[in-house]
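Read top to bottom, the protein sequences are chains A, B, C, D and E. Read in this note's numbering, the first sequence has 1173 at position 158, and its numbers run on one by one without any break. Read in this note's numbering, the second sequence has 29 at position 23, and its numbers run on one by one without any break. Read in this note's numbering, the third sequence has 35 at position 30, and its numbers run on one by one without any break. Read in this note's numbering, the fourth sequence has 482 at position 376, and its numbers run on one by one without any break. Read in this note's numbering, the fifth sequence has 827 at position 74, and its numbers run on one by one without any break.
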Amino acid sequence: MILSIYNFTSLTDKFHNFLLAHMSEGIVLATELIVTGLLVITFVAVLAMVLIYLERKVAAYMQLRLGPNRVGIYGTGQVVADVLKLVLKEGITPDGADKLMFNLAPYVVLSTCMMALAPIAFGNGLVLWDLNIGVLYITSITSLGVIGILIAGWSSNNKYSMLGAMRSGAQIVSYELSAGLCIISIVVLSGSMQISDIVNSQADGWWIFKGHIPVIIAFVIFIIAATAELNRAPFDLAEAESELTAGFHTEYSGMKFAMFFLAEYINMFVLCAMAATLFLGGWMPFHIGHWTSFNNVMDYIPSPLWFFGKTFFIIFIIMWFRWTFPRLRVDQLLDLEWKYLLPISMVNLLAIALMNILGWHF
Amino acid sequence: MTAYQIWFYIIASMILGGALLAVTARKIFRAAIALLVSLIGIAALYYWMHYEFIAAVQTIVYVGGIVVLIIFSIFLTHNPGHTIEEPVSIREAFAFTGCFAGFAFVFSLLNRYSFEQTGDALNHTMQVADVGRALLSTGNGSYLLPFEAVSLLLLAAMVGCIVIAIKIRTHK
Amino acid sequence: MIDQVPLTHILFLSTALFFIGAYGFLTRRNMITMLMSVELILNSVNINLVAFNRYLHPNIDGVIFTLFIITIAAAEAAVAIAIIISLYRKINSIDPEQVDELKF
Amino acid sequence: MLNASTLLLIPLLPLFSFLFITFFGKKHLPKASGIISVFILGVSTLLSLAVAYNYFFVVGMTNGIYQAISPMKLEWLRFSPGLSIDMGIILDPISVMMLVVVTFISLMVHIYSLGYMKGEERFAVYYSFLDLFTFSMLGLVIATNLFQMYFFWELVGVSSYLLIGYYFTKPSAVAAAKKAFIVTRFADLGFLIGILILSFHAGTLDIQTLIARLTTSDTTFYASATFTGFMGASSLTWGLALVFIGGAGKSAMFPLHIWLPDAMEGPTPVSALIHAATMVVAGVYLVARLFPVYAISSPHLLEIIGYIGIISSALAAIIACTQTDIKRVLAYSTISQIGYMLAALGVSQYGGLNGEGFSASMFHLFTHAFFKALLFLCAGSVIHYVHSNEVKDMGGLRKKMPITHLCFLLACLAIAGIPPLSGFFSKEEILASAFAHNQTIFYIAWLTAGLTSFYMFRLYFLTFWNKEYLSHHDTHEHHSEGSWNMKLPLIILMLGAVGAGFVPFHQLVTSDCQPYESEFHLNITLMAVGLSLFAIIIATIFYRKKNNLSDKISNNISQLYNFAYHKFYFDEMYQFVSQKILFNVVGAFSSWFDKKIVNGAVNTTAFLTEAFSETIKPVQSGKVQGYALAFLFGILGLIVILFFF
Amino acid sequence: MTLGNYFGNIYKGLKSLAAGMRLTGLYFVRRGDSLTQEYPENRESLKLAERFRGEVVMPHNESNEHRCTGCTACELACPNGSIKILTKFVVNEEGKKKKAIDTFVYHLDTCTMCNLCIVACPTDAIIMANNFEHSVFDRTKLLKVLNKPESKIMTGVE
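Right, dumping it as structure tokens:
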């Protein structure tokens, strides 16, 4: 397999062996944890800045505007300025709030979404923790994030916050179902929940091409459900400005608000990376069946490039959504999930299982 | 003390500390969050025992499901700042005595009994596919009937919840 | 490896959790916290099952029982909360001391 | 043709129609359900006619005997190896004959009701009830098993209850329905006990086996049945008598006849179907079904049945002469004719020419179905026309309703036994058989035949001649006599009433299922026809023109007239017995006993229990945590006991 | 809800999804017609719309004449009291004493550009200019006198 030319396993192994040569095992583990933690935090910070910039640019372009264009080249410095502003701002805790919970909430939200990054394969061999239930782990960690939002809503001692938190919680819990069913449909096809297995099962073509219409349906449903889980427009009822000022983070300011903001974007990245991994093959280059030469050519493009390319493509789709559609009403939101997405994804899952049993996919 | 032991005692203190807070905290929302900590600790314990699947299920169902449900019900029945009433003191005393006696009894029992560990079991890794196969097959060591029974139970519970909690609109 | 921690320690943990849960169930003056205590009790049982499975039996029976318990706990919590909510609508309180309709 | 699937269709089609209308038609096809059920019943009728043809002329006869065919027997409830309740079909001459009668008359009534009941609010419900009734009657007719028979017997009772009470907004209809139900139910109790006695002794509920076991005198069953006795009669006789009580209740025999006249509160087609042609002959059918047992094992009982029949017949005929309600006259006439049939059974013996009475009875049942249904339907037409049941509101209708008039006249001639109409043949046979076996019955029957002619023609003249009919809506002329669907059944039934007598019954339906040669008794014929003609002439004199001859006569014998007019005070007697004796004496005592002794004992127990529970109830604090605590300590206590003792 | 309805709804939803995304996608790709003005750079070439309301001005002709008669209709019409007219009496050619404006005071800081004064003016003496660069460092600079010094009312305007 020519794939190995960009395999990062050798790199990480080298690092690990280098550490082992100098320290005891426990210290190595601790060191590696610290290193990866720092890497993740850096990555997250950079990623969030990139995404914020991207969002503003995409929004501007779709609305026939220019977007940030003054600070730095093409306005790239704008994001840095924004971050600096947020960091330097005073964080205010309301009087009637439950102080402990109020201060805890952003950390819960941020740390859960950072934990969800662990099993994602950024490239060939570039993965923090390739555990055998990767996608299930991500689902479970994502569901933890709700708690942070609920804590924030409750402890703010503010009716808008609480209503926003409840809406957000209900929305995330209900859309998790159809998103989970779509994930399961790929698990059915690839026969494993491990991310590396799922990616490897797409070596001869991505599932969205191999899996015919049912996988495309699953992909569309997953994208919609992911958008809803992220509380992004058009599903942003939880922070509907016109009704709830800003939802659960109404009372937050400064760095704590920045953490919610950050978490939102990282969640978006995580879900889009999931979509890219499940449906578009993760870091797997574009391969067509047994066209070996074509596949080899494709392999020359580094795998992280493929991964980030796909992920950012899906992120772009989600942003595209956001700037296209108006906000739904609560009843429309619940109708969409319980009357349409859930039944369709259930039937679709059955169809995919049937397809898998009969071997109809490529 | 190895890393494994350290992890275990950290997790154990997390579980017990969370549980104690959950049953003693006067603020109900804090109690719920303490419960959450305890449950996450239990999930961590499963990870520690290399049962990732059951740990993930624990997280999804307990944290993503039950704790969210409990928090929602707290939202619906309490206002922030509300504290729970003091327990009935006589009953508290009795309960403490009873629980302590029970714990002491089981503790002494466990101390006296020695479990025979098999090296085989410790190296055994569980595949998720095995769980699936066991749940959906018949024969020895398989659980199709309980699986179906539990799915029926879930359906019944769902219907029951709706029926209990539904607001009946009365037309005048 | 895992055998650095003896099985009895895990069992102590689950026992303690059980009786903490029982204590909570007996003393809390709030139905939701009582429900939470019940969850603790159920989890202590789960810990036992998983631990026995890990230490003593190289198969997956314990795990499957745990799965069933988790499922049933979910159903139980849902029903319990439905009952609590409808009770709250009715008597505007979820203090178990005030719910004594079945007295005498 | 005689396979189970075809035969099952005959009763199941009406059942299907009933279910269809009840669950679907009532809501969605309220108008069309009548047509639908007519169509379905038409199929059923054609099937039963085909079955009758096949049975009587193609396959039924083997070795000169009409065999009883049982193409289906489904074991339903098994009590012991011998005793089980079956559901089945039996085909023998009488059941096949009844199949034809029931489906045919029911079809006629269905068609007739299309016109008669048009515009009723509960039109579909009416048809569903009719179909339910038809189904139960067919089930009764083809029953192989006494218990199946009882089952359908009760079903017939229910559906007739529903039909009598069809106009449930009328208090009188409700009362009549209740009366019919209670009286027949009371009689059915006898039937049930009779069934139990017979099945106890015969060890079976299957009719054919039962007949075989109880008629052959060398079986143990027969011995046990005749051995034990009560009040001088064997238990077999008692069982048969109790069964007959059931039959008498349904057939409105003296003294259980009181419900039938009141049951005329139902719609007139219903009266034609239930109270003239089908249900009321169920008693006769029951006796005929068990006829070998009656005739061979208990001939004295049969004689008593004969007397009961003829007394009912005579009493009903006398009462009929005085009634003024057209339907009541017909109802009493029905009682009278059924009494005739029973009397014929009573004078019959088993086998050959001696069994002529049986054959005659069935023959009369057959012909009576036609002319009595015709009479009722004609009466229905008349009532439909004048909107009244009372004959004083009628008169001179012959020009306004020519077809009805002709039909009614022919039916009257038939019932009066004027040759060559159907009634003549059957009556002649009955009289001949009575003359041969029991002279007393013969003379009463002969006189009753005269009375029959008299009251029928009294009715006929009062309705169609006498005074000129004046509409009580004087202002406008009346509608025509009825639509085609009311006239068509009349004409068909008229043809039946005229021609049914030519069916050679002594060859088809006989007591031992073997054809015999009947004899023609000229003297009896002359006597009967002569008396009938005489009665008709008297009736003509009295009632053809409006005059006061009848009043004079009735004034002269006012005692008797009043007595008969008040139906011999039967209702009042029942009222007296139930109200004064049962309620006040027996009822008062048992009420006291129930209140003081039974209830007192219960109350005392309850009081003591309550007092005891008062002392221990604080344990039930209603506080769930208290219970849980107790539970915990209980478990701890158990552990302590288990480990330390 | 019938089954046909159900699938019809799905179809409609997907169709509107595609239609909406097509529109925004086209906008995204079509870079040329961006509406954003890069303002300070294009100050020279900046063109404002005809009806843009920047401030109230009083046009004068070359002989320093305006059309204001001092009728105070604009002052009455102004909802914010941004206009204050001080009048004087002047003697015209015929020797008659006639009312004329002394100073037309205009508070730009309280003006909401509602255009009511322009509508109210019977002689079209004031109009809205589309000048929008009003930034000043001192608030007093926003108090403007609209009539130029020594200006007179235009002849023929009553």
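Every residue gets a Cβ at the ideal spot worked out from N, C-alpha and C, and that includes glycine. Source: prediction; values computed, not measured.
Thr428 of chain D has its alpha-carbon roughly 19 Å from the corresponding atom of Ile550 of chain D. With the rule of 3 Cβ pairs closer than 8 Å, the region 442-457 of chain D does not count as touching the region 502-515 of chain D. Contact between the region 455-475 of chain D and the region 597-612 of chain D is established, with three or more Cβ pairs separated by less than 8 Å. Taken in chain order, the members of the region 58-75 of chain B whose beta-carbon sits within less than 7 Å of a beta-carbon on chain A are Glu58, Phe59, Ala62, Thr65, Ile66, Val69, Gly70, Val73, Val74.
When DSSP states are grouped into helix, strand and coil, Pro117 of chain D belongs to the helix group.
For Leu1069 of chain A, no pairing in a beta bridge is given by DSSP. For Ala101 of chain B, the neighbours in chain D by C-beta distance under 7 Å run, in chain order, Leu735. Secondary structure remark: continuous beta strand (DSSP E) runs of at least 3 residues inside the region 1199-1246 of chain A: none found. Between Ile642 of chain D and Phe563 of chain D, the gap from beta carbon to beta carbon is short of 8 Å.
Residue pairing by DSSP places His819 of chain E opposite E:Ile906 in a beta bridge. By the neighbour-count criterion, in which a residue is buried when 16 or more other Cβ atoms sit within 10 angstroms of its Cβ, Ala1248 of chain A is buried.
Using a CB distance cut-off of 8 Å, Leu311 of chain D does not count as an interface residue toward chain C. Residues of the region 60-84 of chain C with a C-beta less than 8 Å from any C-beta of chain B: Tyr60, Leu61, His62, Pro63, Asn64, Ile65, Asp66, Val68, Ile69, Thr71, Leu72, Phe73, Ile75, Thr76, Ile77, Ala78, Ala79, Ala80, Glu81, Ala82, Ala83, Val84, listed in chain order.
For Gly732 of chain D, the chain B residues whose C-beta falls within less than 8 Å of its own C-beta are Arg97, listed in chain order. Contact between the region 375-393 of chain D and the region 347-357 of chain D is present: 3 or more CB-CB pairs across the two stretches fall below 8 Å. Under the Cβ criterion of 8 Å, Phe781 of chain E is counted among the residues facing chain A. Counting C-beta atoms within 10 angstroms of its own C-beta, Leu632 of chain D has fewer than 16 neighbours from the protein chains shown and is therefore classed as exposed.
The DSSP-derived three-state label of Ala853 of chain E is strand.
Per DSSP, the unbroken beta strand (DSSP E) holding Pro177 of chain D starts and ends at 175-184.
With a beta-carbon spacing of about 7 Å, Leu1343 of chain A and Leu1252 of chain A fall inside the 8 Å limit used to define contacts. Interface residue (Cβ-Cβ distance to chain B less than 8 Å): Leu744 of chain D is not classified as such. Under DSSP, Met167 of chain D forms a beta bridge with D:Tyr172. When Cβ-Cβ separations below 8 Å define contact, Phe113 of chain B makes no contact with chain D. Here the region 1192-1209 of chain A makes contact with the region 1287-1299 of chain A; the two share three or more CB pairs at distances below 8 Å. Here Lys95 of chain C is exposed: its Cβ has fewer than 16 other Cβ atoms, across all protein chains shown, within 10 Å.
In the DSSP assignment, Ile1329 of chain A falls within the unbroken alpha helix (DSSP H) covering 1318-1337.
Judged by DSSP secondary structure, Ser190 of chain D falls within the beta strand (DSSP E) whose first and last residues are 190-197. Using a CB distance cut-off of 8 Å, Ala28 of chain B does not count as an interface residue toward chain D. Secondary structure note for Met881 of chain E: its beta strand (DSSP E) is the uninterrupted segment 880-882. Residues of chain A whose Cβ lies closer than 8 Å to the Cβ of Leu42 of chain B are, in chain order, Ile1162. The DSSP-derived three-state label of Tyr1280 of chain A is helix. A direct Cα-Cα distance of roughly 27 Å separates Tyr400 of chain D from Leu553 of chain D. Distance from Ser176 of chain D to Ile146 of chain D at the Cβ level is roughly 26 Å; contact not present, criterion being Cβ atoms closer than 8 Å.
Among the CB atoms of chain D, one or more fall inside 8 Å of the CB of Ala27 of chain C. A:Pro1300 is the residue among A:Leu1365, A:Gly1111, A:Pro1300 whose C-alpha sits nearest the C-alpha of Val1312 of chain A. Contact between Val488 of chain D and Ile432 of chain D holds, since their C-beta atoms are separated by about 7 Å, short of 8 Å.
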